[in-house]
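Position one of the sequence shown corresponds to residue 1 (the UniProt record's numbering), numbered consecutively onward.
For each residue, glycine too, the CB sits at the ideal point set by N, CA and C.
All figures in this text were calculated on a predicted structure; none of them were measured in a lab.
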Amino acid sequence: MKFKIETLPNYRIAYMRRVGPYGPANIEVMERLKKWAKKKDLLESAILFAIPQDNPKTTPPDHCRFDACIVIPHDYQVDDTVFEGEISGGQYLIYEVEHTAEAIQKAYSDIFSSLQNKYQLDNRPIMEKYVGDMVNSPYCEICVPLKSV
């Protein structure tokens, strides 16, 4: 799998959270967030993140947290429809993958075998990133956090 290393900035985000087993219901949360963002004129040039906060191998399915996020301006006032938060910047390995459940699942398993001992992963969550045209594109970026060296 090909990847590049990028330094991402800190992002201020608005997000919606779902708690429960990962799967198709996560798409519904992202669609609700996009609908909210469109009403607020935030979707046009959006950066969106899908963040599974927990490892489903170590967290019971009913406790797995999924966040659908959109980057918002620093001076934007959020309403009570969404939560406000921040994504920590830093170095990430960036993989571009086809945006299908099968391709993303395969990418997650390939990522860990391809990393081996070359990089040290940070404890920040792995994220799926969609920028501008990628929102409607068949591709997304998987962002894997690296420890600072």
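Check residue i in the structure and name its three-state DSSP category.
| i | result |
| --- | --- |
| A68 | strand |
| Q91 | strand |
| Y76 | coil |
| R32 | helix |
| K39 | helix |
With DSSP as the reference, identify every bridge partner of residue i, one or two as the case may be.
| i | result |
| --- | --- |
| E44 | DSSP lists no partner for E44. |
| P52 | F66 |
| K4 | I94 |
| G85 | I13 |
Looking at C-alpha atoms only, which residue of the options is the closest neighbour of residue i?
| i | options | result |
| --- | --- | --- |
| L8 | I104, S109, S113 and Y92 | Y92 |
| A107 | C140, I13, D122 and E28 | C140 |
| D80 | K2, N10, E6 and A14 | A14 |
| F49 | L146, P138 and M127 | M127 |
Buried or exposed for residue i, going by 16 or more other Cβ atoms inside 10 Å?
| i | result |
| --- | --- |
| K129 | buried |
| I70 | buried |
| A25 | exposed |
| F83 | exposed |
| Y95 | buried |
| A101 | exposed |
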